[in-house]
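Novice:
There are 2 protein chains.
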Amino acid sequence: MDSQLFKALSDGTRLRIVELLSGREYCVRALSLKLRLSESAVSQHMKVLRDVNLVEGVSYGYYTHYRLRREPFEALSLALRELATPPAVRKDCDAKEQVGCRTARQA
Amino acid sequence: MDSQLFKALSDGTRLRIVELLSGREYCVRALSLKLRLSESAVSQHMKVLRDVNLVEGVSYGYYTHYRLRREPFEALSLALRELATPPAVRKDCDAKEQVGCRTARQA
DNA sequence: TAATCAATTAAGTATTTACTTAATTGAACA
DNA sequence: TGTTCAATTAAGTAAATACTTAATTGATTA
Numbered sequence: 057m058d059s060q061l062f063k064a065l066s067d068g069t070r071l072r073i074v075e076l077l078s079g080r081e082y083c084v085r086a087l088s089l090k091l092r093l094s095e096s097a098v099s100q101h102m103k104v105l106r107d108v109n110l111v112e113g114v115s116y117g118y119y120t121h122y123r124l125r126r127e128p129f130e131a132l133s134l135a136l137r138e139l140a141t142p143p144a145v146r147k148d149c150d151a152k153e154q155v156g157c158r159t160a161r162q163a
Numbered sequence: 057m058d059s060q061l062f063k064a065l066s067d068g069t070r071l072r073i074v075e076l077l078s079g080r081e082y083c084v085r086a087l088s089l090k091l092r093l094s095e096s097a098v099s100q101h102m103k104v105l106r107d108v109n110l111v112e113g114v115s116y117g118y119y120t121h122y123r124l125r126r127e128p129f130e131a132l133s134l135a136l137r138e139l140a141t142p143p144a145v146r147k148d149c150d151a152k153e154q155v156g157c158r159t160a161r162q163a
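Protein sequences appear in the order of chains X and R. The opening residue of the first sequence carries number 57 in the numbering used here; numbering runs sequentially from there. The opening residue of the second sequence carries number 57 in the numbering used here; numbering runs sequentially from there.
#1: By Cβ distance, which residues of its chain are closer than 6 Å to R:Met-57, with the 5 residues on each side in sequence left out?
#2: Taking DSSP as the reference, what is the three-state secondary structure of R:Arg-92?
#3: Can you pull the DSSP bridge partners for X:Ser-99?
#4: Please go through the same chain and pick out, in chain order, the residues whose beta-carbon is closer than 7 Å to the beta-carbon of R:Val-111, but skip the five residues on each side of it.
#5: Compare the beta carbon distance of X:Val-108 and X:Val-98 with 8 Å and say whether it is the shorter of the two.
#6: Identify which residue in X:Gln-60, X:Ser-66 and X:Val-74 has its Cα closest to the Cα of R:Ala-140.
#7: Please determine, among X:Glu-127, X:Glu-130 and X:Tyr-119, the residue with the shortest C-alpha to C-alpha distance to X:Tyr-82.
#8: How would you write the range of the beta strand (DSSP E) that R:Gly-113 sits in, first residue to last?
#9: Along the chain, where does the alpha helix (DSSP H) containing R:Thr-69 start, and where does it finish?
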């Protein structure tokens, strides 16, 4: 799994941006007003989100409308669902190896 | 949505720990050997993961077996699935408000 | 009780991050 | 062509992060 995706979502401001974009498109200026943050700060956040392909910008004249890319969220959701699922019981599941301690109590 | 969860998963080492724990339990020492990292470093990572309730430690004597808590991963998976789903078309979805630009082109 | 062992905490450090203001880029239009 | 506007990039900074080694805690056992 890619920690870069989590890193992009690990900032409160960026997460708010993502939540806003999940509802509709926004340009940088609109986001900066909503978030009471400089356009520069928003622009830098958008770069982070763009770089990991969570959003894409569509240019109209000198505006850029940012929109959420749904696929990576879907993929991440599935990967986390996988993590949430306990593995099938394995034959090689010796407790010593499992826990790695010399005097491991059986779990 | 809570950015703290993403922050806890945003570090490559911690993500590896979580992936390991998704398969079986480990004690700190076993993880430190697997990851070729000091026990101290691992312990500090475990604290981060514990603090956001992604793992729990069970003590046996002076060992602590760490295990993944499945629920928060399931919950996060569902929240991301929600994000991945486009909102129903809204009546209040005026493009000017939508995008926030003075001369917004209709999306 | 003293020695042992896993785990945590303390202290220090190099790197990364999230912002700011100022300067730059690039398209639109009077 | 020159002005205007959105967006990005540059430069600087305070705070957070991920590690290290050393010291401490707390339970086990000789």
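Even glycine gets a Cβ: it sits at the ideal position worked out from N, Cα and C.
Specialist: Let me spell this out:
#1: These residues qualify, in order along the chain: Ala-135.
#2: Here R:Arg-92 sits in coil by DSSP.
#3: X:Ser-99 is not bridged to any residue.
#4: Closer than 7 Å at Cβ, skipping near neighbours: Leu-77, Met-102, Leu-105, Tyr-122, Arg-123, Leu-124 and Arg-125.
#5: No, they are not a contact pair.
#6: Nearest C-alpha to R:Ala-140 among X:Gln-60, X:Ser-66 and X:Val-74: X:Val-74.
#7: Ranking the options by Cα distance to X:Tyr-82, first place goes to X:Tyr-119.
#8: Segment 111-116, the beta strand (DSSP E) holding R:Gly-113.
#9: Unbroken alpha helix (DSSP H) run through R:Thr-69: 68-79.
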